[in-house]
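Residue numbers for the sequence shown follow this note's numbering, so the first one is 33 and each next one is one higher.
Taking it in order: structure first as C-alpha coordinates, then the write-up.
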Amino acid sequence: LGATYEYLEDGQTYDIPLRCLQARGVENLFVAGRCMSASHEALGSARVIGTCLATGEAVGMAAARHADGR
(Lines of atoms letter the chains of each structure in order from A and count residues from 1; the text may use other names and numbers.)
(Lines give C-alpha, C1' and ligand atoms only; values in the text may rest on other atoms or scores of the structure.)
Protein backbone atom coordinates (compact mmCIF):
# COMPACT_ATOMS: atom_id res chain seq x y z
CA LEU A 1 0.00 0.00 0.00
CA GLY A 2 2.95 2.34 0.38
CA ALA A 3 3.67 4.98 2.94
CA THR A 4 0.98 7.21 4.34
CA TYR A 5 1.51 10.44 6.22
CA GLU A 6 -0.69 11.92 8.90
CA TYR A 7 0.27 15.33 10.19
CA LEU A 8 -0.77 16.41 13.66
CA GLU A 9 -2.60 19.66 14.21
CA ASP A 10 -0.56 22.49 15.71
CA GLY A 11 -0.15 21.88 19.42
CA GLN A 12 -0.89 18.14 19.20
CA THR A 13 1.70 15.65 20.38
CA TYR A 14 1.95 11.96 21.14
CA ASP A 15 3.63 10.10 23.99
CA ILE A 16 5.92 7.10 24.05
CA PRO A 17 5.18 5.08 27.20
CA LEU A 18 8.20 3.95 29.22
CA ARG A 19 7.04 0.34 28.90
CA CYS A 20 7.82 0.59 25.16
CA LEU A 21 11.45 1.23 26.12
CA GLN A 22 11.79 -1.68 28.57
CA ALA A 23 13.18 -4.90 27.10
CA ARG A 24 10.72 -7.74 27.50
CA GLY A 25 12.13 -10.77 29.30
CA VAL A 26 15.38 -9.07 30.33
CA GLU A 27 15.65 -7.34 33.70
CA ASN A 28 17.37 -3.97 34.00
CA LEU A 29 17.54 -3.31 30.27
CA PHE A 30 16.10 -0.28 28.50
CA VAL A 31 16.22 0.32 24.76
CA ALA A 32 15.93 3.51 22.75
CA GLY A 33 15.36 4.71 19.22
CA ARG A 34 14.57 2.08 16.59
CA CYS A 35 14.85 -0.75 19.13
CA MET A 36 11.72 0.28 21.03
CA SER A 37 8.54 -1.77 20.93
CA ALA A 38 6.00 -0.20 18.57
CA SER A 39 3.89 -0.93 15.54
CA HIS A 40 5.30 -0.45 12.06
CA GLU A 41 3.24 2.72 11.70
CA ALA A 42 4.41 4.18 15.00
CA LEU A 43 8.05 3.47 14.22
CA GLY A 44 7.71 5.62 11.11
CA SER A 45 7.95 8.75 13.23
CA ALA A 46 9.73 7.26 16.23
CA ARG A 47 12.89 6.31 14.33
CA VAL A 48 13.87 9.85 13.31
CA ILE A 49 16.92 11.40 14.97
CA GLY A 50 15.06 13.80 17.26
CA THR A 51 12.87 11.08 18.70
CA CYS A 52 15.84 8.71 19.02
CA LEU A 53 17.64 11.41 20.98
CA ALA A 54 14.65 11.97 23.25
CA THR A 55 14.13 8.25 23.95
CA GLY A 56 17.85 7.86 24.65
CA GLU A 57 17.72 10.67 27.18
CA ALA A 58 14.55 9.22 28.71
CA VAL A 59 16.04 5.75 29.22
CA GLY A 60 19.17 7.31 30.70
CA MET A 61 17.05 9.17 33.24
CA ALA A 62 14.94 6.07 33.95
CA ALA A 63 18.05 3.92 34.45
CA ALA A 64 19.58 6.49 36.81
CA ARG A 65 16.37 6.67 38.86
CA HIS A 66 16.18 2.87 38.95
CA ALA A 67 19.81 2.65 40.12
CA ASP A 68 19.02 5.14 42.91
CA GLY A 69 16.12 2.94 44.04
CA ARG A 70 13.37 5.34 42.94
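Every residue, glycine too, gets a C-beta built ideally from N, C-alpha and C.
7 Å Cβ cutoff met for residue i and residue j
i	j	result
residue 61	residue 55	yes
residue 66	residue 51	no
residue 63	residue 75	no
According to DSSP, residues forming a beta bridge with residue i
i	result
residue 44	DSSP, once it has assigned bridges, lists no residue as partnering residue 44.
With 16 other Cβ atoms within 10 Å as the buried cut-off, status of residue i
i	result
residue 91	buried
residue 68	buried
residue 87	buried
Residue i at chain C interface by Cβ criterion, 7 Å
i	result
residue 91	Going by chain labels, chain C is absent from the structure shown, which holds only one protein chain.
Boundaries of the alpha helix (DSSP H) in which residue i is found, first to last residue
i	result
residue 93	81-99
residue 78	72-78
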